[in-house]
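Beneath this line is the structure, given in structure tokens, with notes to follow.
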Amino acid sequence: MSRLDSFIRRLTAQRDILNHVEADLDLPEQGALMEIGLGNGRTFNHLRELFPNRRIIAFDRAMGAHASSVPAEEDLVIGEISQTAPAFIGTDAAMVHADIGTGYPEKDAVTLTWLPDLAAGMLAKGGIAISGLPLDHAMLKPLPVPETVPTDRYFLYRKI
0 MSRLDSFIRR LTAQRDILNH VEADLDLPEQ GALMEIGLGN GRTFNHLREL
50 FPNRRIIAFD RAMGAHASSV PAEEDLVIGE ISQTAPAFIG TDAAMVHADI
100 GTGYPEKDAV TLTWLPDLAA GMLAKGGIAI SGLPLDHAML KPLPVPETVP
150 TDRYFLYRKI
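Okay, so the sequence shown: first residue is 0 according to numbering that gives the first Met the number 0, each after it adds one.
Pasting the structure below:
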């Protein structure tokens, strides 16, 4: 598969899961949404449309978002995510979305040493985690993804 086709497949899976969460799954009534990896802000922008009444806190190493997709200053955390985001553990987030995989197994293996604990720690009981990398954690129960999402392309969990 070409890198372009892989990119399109990843973004389609991401959109389909986010839309599925909004339409079909219950989120805790309270709690922010955590966007781990703001990037250019496309997903942040989509989350604002899906969840207009929720606070969305975005994390990234550096600001690279399009001007139309920049969070408010108080909702943007810039710095090495593995070092800045743990300050939000215990905040009872309703949802954590993490799309920070690189496609390089050795780099993603390092991310997976801290990302599952981070996601589980940020979430409220019953909260939803969505990730492009598998989150192996005792407190995260895997959920089925929409039929349009290829197996192992994107992952969905509920905190138990």
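Even glycine gets a Cβ: it sits at the ideal position worked out from N, Cα and C.
The structure displayed is predicted, hence computed values, not measured ones.
Does the count of Cβ pairs from the segment 118-134 and the segment 148-155 closer than 8 Å reach three?
yes
In whole angstroms, what is the alpha-carbon distance linking P30 and G36?
As a working note, residue 30 is residue 31 in the sequence shown. As a working note, residue 36 is residue 37 in the sequence shown. Position check: residue 30 holds Gly in this sequence, whereas Pro was assumed. Distance between the alpha carbons of G30 and G36 is about 19 Å.
Among the residues of its own chain, which have a CB less than 7 Å from the CB of S81, if the five just before and after it don't count?
Along the sequence shown, one-based indexing puts residue 81 at 82. Here the set comprises W113.
Secondary structure at I55, three-state DSSP: helix, strand or coil?
As a first step, residue 55 is located in the sequence shown; it is residue number 56 there, counting from the start. Of the three classes helix, strand and coil, the one that applies to I55 here is strand, per DSSP.
Classification of A93 by the beta-carbon crowding that lies within 10 angstroms, buried from 16 upward:
In the sequence shown, counting from the first residue as 1, residue 93 sits at position 94. So A93 counts as buried.
Run the CB neighbour count on D4, radius 10 Å, all protein chains shown included, and call it buried at 16 or more, exposed below.
As a working note, residue 4 is residue 5 in the sequence shown. So D4 ends up on the exposed side.
What did DSSP end up calling E34 once you bin it into helix, strand or coil?
Numbered from its first residue, the sequence shown carries residue 34 at position 35. Three-state DSSP puts E34 in a strand.
Beta-carbon gap between A108 and M138 smaller than 9 Å:
Locating residue 108 in the sequence shown gives position 109, counting from the first residue. Locating residue 138 in the sequence shown gives position 139, counting from the first residue. Remark: C-beta atoms of A108 and M138 do not approach each other more closely than 9 Å.
Taking C-alpha atoms, which residue in D98, G102 and R8 lies nearest to A57?
Here residue 57 refers to the residue found at position 58 when the sequence shown is read from its first residue. When only C-alpha atoms are compared, the closest one is D98.
With the cut-off set at 9 Å, would you say A12 and V148 are in Cβ contact?
Working through the sequence shown from its first residue, we reach residue 12 at position 13. Working through the sequence shown from its first residue, we reach residue 148 at position 149. Yes, Cβ-Cβ distance for A12 and V148 is below 9 Å.
For M0, write down the residues that DSSP places opposite it in a beta bridge.
Locating residue 0 in the sequence shown gives position 1, counting from the first residue. Partner(s): none; M0 has no beta bridge.
Provide the residue(s) that pair with L122 in DSSP beta bridges, ordered along the chain.
Residue numbering aside, residue 122 sits at position 123 when the sequence shown is read from its first letter. According to DSSP, L122 bridges with A92.
For the putative contact between A61 and I77, defined by C-beta atoms under 8 Å, what is the C-beta separation to the nearest angstrom?
As a working mapping, residue 61 is identified with position 62 in the sequence shown. As a working mapping, residue 77 is identified with position 78 in the sequence shown. Indeed they touch by this definition, with Cβ atoms about 6 Å apart.
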